[in-house]
Amino acid sequence: MQNFHHIDSLREALNVHREQGKTIGFVPTMGNLHKAHIALVEQAKALCDVVVASIFVNRLQFGLNEDWDRYPRTLKADSEKLAAVDCDYLFCPDEHEIYPNGMDEQAKVIVPSMANVLCGASRPGHFDGVTTVVTKLFNIVQPNLAVFGVKDYQQLAIIRRMVEDLCLPVQVVAGDIVREADGLAMSSRNGFITEQERPKANQLNRSLNDIAEALRGGSKDFLALEKAAEKQIIAAGFKPDYITICESHQLQPAAVDDVNLTILGAMYTESARLIDNVSVTLSS
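See below:
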């Protein structure tokens with residue numbers, strides 16, 4: 001695996017493959033890699049000739065009171081994990097490389113239809129930072145295909161909409177959620193969960209699955225199901241951020257005649273904010 005820190009040198013290396021007609025897959029990350037990230041890289045390798053992973057802790061998507069400073073930087077271990085699955089290139093730029101004119105004056109890419117609800121309501125400006133940096137990374141790597149995890153369902157939906165709106169020649173592929181044995185979705189922020197909280201940290205997933213089962217059973221009282229899930233989370237000792245049943249494509253609140261539904265949720269532990277989702281297809 002070759003490591004690159006600068007845009008020009010990465011582009012030069014990738015142009016060789018592009019001229020040979022090879023397809024390029026891309027997996028953007030913020031590092032602190034775990035099995036779910038590696039699964040995305042393996043998925044890209046199965047679909048493309050050449051795979052690029054990036055590691056960049058994007059300050060533009062962190063709010064004022066969020067954890068950018070303490071987000072784990074584990075570049076050496078991350079590099080070893082990527083090399084072990086034969087990732088071809090790792091791009092790990094510094095902030096000046098990505099934002100040469102500083103972030104205050106940075107032009108932004110905004111997807112207004114989905115960016116200010118759900119996680120966007122709790123993290124104002126977060127998705128503007130995501131779509132801006134992903135657009136920049138797409139322009140740098142110019143991949144044929146990019147793989148994003150379904151755990152960040154809202155992010156995936158927003159990036160798909162962005163690609164469609166901007167006519168970007170990138171196929172966006174979804175990678176399945178990778179879970180711990182008890183159902184907890186793997187996340188870099190799981191490292192912030194305390195030892196005392198960990199045995200119950202799968203409560204969010206359990207509550208979302210309870211809603212999914214009720215929906216499959218014919219329940220249409222969405223508000224009651226959401227409120228019941230919030231009560232379960234509180235009873236487990238956590239603070240719910242939101243539990244919302246949405247139409248899967250545009251993430252609008254579910255209507256009674258929708259058949260493709262996604263239940264999205266977020267909750268706070270003592271030191272972490274966890275997200276998860278479960279999708280359901282109902283008979284029409």
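Under our numbering, read the sequence shown as residues 1 to 284, first letter to last. Every residue, glycine too, gets a C-beta built ideally from N, C-alpha and C.
Contact between the stretch 17–36 and the stretch 49–57 is established, with three or more Cβ pairs separated by less than 8 Å. Thr281 counts as exposed, since fewer than 16 other C-beta atoms from the protein chains shown sit within 10 angstroms of its C-beta.
When beta bridges are read from the DSSP output, Gly21 appears opposite no residue. Contact between the stretch 165–174 and the stretch 191–203 is absent: fewer than 3 CB-CB pairs across the two stretches fall below 8 Å. Note on geometry: alpha-carbon atoms of Leu60 and Tyr99 lie some 10 Å from one another. For Thr131, the three-state secondary structure derived from DSSP is helix.
For Ile24, the CB contacts under 8 Å within the same chain, skipping 5 residues up- and downstream, are Leu14, His17, Arg18, Cys48, Asp49, Val50, Val51, Val52, Val141, Gln142, Pro143, Asn144, Leu145 in chain order. Taking 9 Å as the cut-off, the Cβ atoms of Asp128 and Ala115 count as close.
DSSP, read as helix, strand or coil, puts Lys231 in helix.
A direct Cα-to-Cα measurement between Val150 and Tyr71 gives close to 21 Å. When DSSP assignments are scanned along the stretch 140–165, the uninterrupted stretches of beta strand (DSSP E) that are 3 or more residues long and fall wholly within it turn out to be 145–149.
Counting along the chain, no beta strand (DSSP E) covers Asn58, and no H or E run does either. One thing to note: Ser187 has its Cβ within 9 Å of the Cβ of Leu274. Note on Gly120: 16 or more other CB atoms within 10 angstroms of its CB, so buried under the neighbour-count rule. Rounded to whole angstroms, Ile234 and Pro240 show a C-alpha spacing of 7 Å. The three-state reading of DSSP puts Asn3 in strand, counting E and B together.
Shown here for Phe62: same chain residues with a beta carbon closer than 6 Å to its own, the five before and five after excluded, namely Trp68 in chain order. Rounded to whole angstroms, Gly237 and Lys22 show a C-alpha spacing of 51 Å. Glu105 carries a coil assignment under DSSP once its states are collapsed to helix, strand and coil. By the beta-carbon neighbour count (other beta carbons within 10 angstroms, threshold 16), Gln252 is exposed. Selection Leu118, Lys108, Asp152 evaluated against Thr135 yields Lys108 as nearest (Cα-Cα).
As computed with DSSP, Asn277 is found in a beta bridge with Leu264. Distances from the alpha-carbon of Leu10 to those of Val41, Ile38, Gln43, Leu90 put Leu90 closest. Per DSSP, reduced to three states, the secondary structure at Asp241 is strand.
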